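Colleague: The opening residue of the sequence shown carries number 1 in this note's numbering; numbering runs sequentially from there.
Where is the CB? At the ideal position from N, CA and C, for every residue including glycine.
As the structure is a computational prediction, the values presented were derived from the model and not from experiment.
Handing you this structure, nothing more for now.
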Amino acid sequence: WIGTDSGIFKYDRRKNYLSQFVPKIPGNQSTAYRITAITGNNEKQLFIGSSIGLLILTNEKSTAFYPCGSLEQDVLPGAHINQVYPYGINEIWVCTDNGLACIHEKTKKITVFQHDEMKPFCITGNNVLAISKGENDDLWVSTTNGLCLLDRKTGMFTDISAPDENTLSSRLASCIAQD
Numbered sequence: 001w002i003g004t005d006s007g008i009f010k011y012d013r014r015k016n017y018l019s020q021f022v023p024k025i026p027g028n029q030s031t032a033y034r035i036t037a038i039t040g041n042n043e044k045q046l047f048i049g050s051s052i053g054l055l056i057l058t059n060e061k062s063t064a065f066y067p068c069g070s071l072e073q074d075v076l077p078g079a080h081i082n083q084v085y086p087y088g089i090n091e092i093w094v095c096t097d098n099g100l101a102c103i104h105e106k107t108k109k110i111t112v113f114q115h116d117e118m119k120p121f122c123i124t125g126n127n128v129l130a131i132s133k134g135e136n137d138d139l140w141v142s143t144t145n146g147l148c149l150l151d152r153k154t155g156m157f158t159d160i161s162a163p164d165e166n167t168l169s170s171r172l173a174s175c176i177a178q179d
């Protein structure tokens, strides 16, 4: 699978053939949109982030679509998806340019996390670049304004890049992985 500025393409290695994949997206007639993230899981699902939202394919068929662009209920925040991270069998985490979203697949409910200066244990910034699983089901979250650790049980974020002697040299953590 290949994401481009003009849509999704699939490469068939056996036939040495590249073809455009045009999924059916409710309410969208266009076949040209910018693909910004692609990831899969063991359930033969493909999660495709684009300039119009998140498309979920199961066995190459559209099974769900979550539009982006506002803070309305059941809509992803922001206009750009940076990363998609399927977590377990019920959660899909979506890093956007205007917050972090968690889609609860069974209920289709979206929980959005955004920075708020008045809340001490919130995410460090709204432009969320990456996410990765940590220990004890915690999630590492990198933003353009710092690295934080989300305690999934409490919903509280700890700013790992807060200034002290054991801090990162930059608040911008562009990507993360745990070994």
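Could you tell me if Q83 is buried or exposed, where buried requires 16 or more neighbouring beta carbons within 10 angstroms of its beta carbon?
Modeller: Translated into positions along the sequence shown, residue 83 becomes position 83. Buried: at least 16 other Cβ atoms inside 10 Å.
Colleague: Is it a yes or a no for the segment 130-148 touching the segment 105-112, going by three-plus beta-carbon pairs under 8 Å?
Modeller: Counting Cβ pairs under 8 Å, fewer than three are found: no touch.
Colleague: Tell me which same chain residues have a C-beta within less than 7 Å of the C-beta of G125, skipping the five on either side of it?
Modeller: Start at 1 with the first residue of the sequence shown, and residue 125 comes out as number 125. Once the five neighbours on either side are set aside, the close Cβ partners of G125 are H115, T143, T144, N145 and G146.
Colleague: Can you give me the C-alpha to C-alpha distance between N127 and S161, rounded to a whole angstrom?
Modeller: In the sequence shown, counting from the first residue as 1, residue 127 sits at position 127. In the sequence shown, counting from the first residue as 1, residue 161 sits at position 161. When rounded, the distance between both Cα atoms is 15 Å.
Colleague: Please report the distance separating the alpha-carbon of P77 from that of C122.
Modeller: In the sequence shown, residue 77 corresponds to position 77, counting from 1. In the sequence shown, residue 122 corresponds to position 122, counting from 1. Cα to Cα, P77 sits roughly 16 Å from C122.
Colleague: Check whether the Cβ atoms of K133 and Y66 lie closer than 8 Å to each other.
Modeller: Residue 133 sits at position 133 when you count from the first residue of the sequence shown. Residue 66 sits at position 66 when you count from the first residue of the sequence shown. Going by C-beta atoms, K133 is not nearer than 8 Å to Y66.
Colleague: Suppose the cutoff is 7 Å on Cβ atoms and the five residues either side in sequence are ignored; what does the same chain contact list for K10 look like?
Modeller: Mapped onto the sequence shown, residue 10 falls at position 10. Cβ within range, chain order: W1, S19 and F21.
Colleague: DSSP on E135, reduced to helix/strand/coil?
Modeller: Along the sequence shown, read from residue 1 onward, the residue named residue 135 stands at position 135. Helix, per DSSP.
Colleague: With a threshold of 16 other CB atoms inside 10 Å of the CB of N98, please say whether the residue is buried or exposed.
Modeller: Taking the sequence shown and counting its residues from 1, one reaches residue 98 at position 98. Per the 10 Å Cβ criterion, buried.
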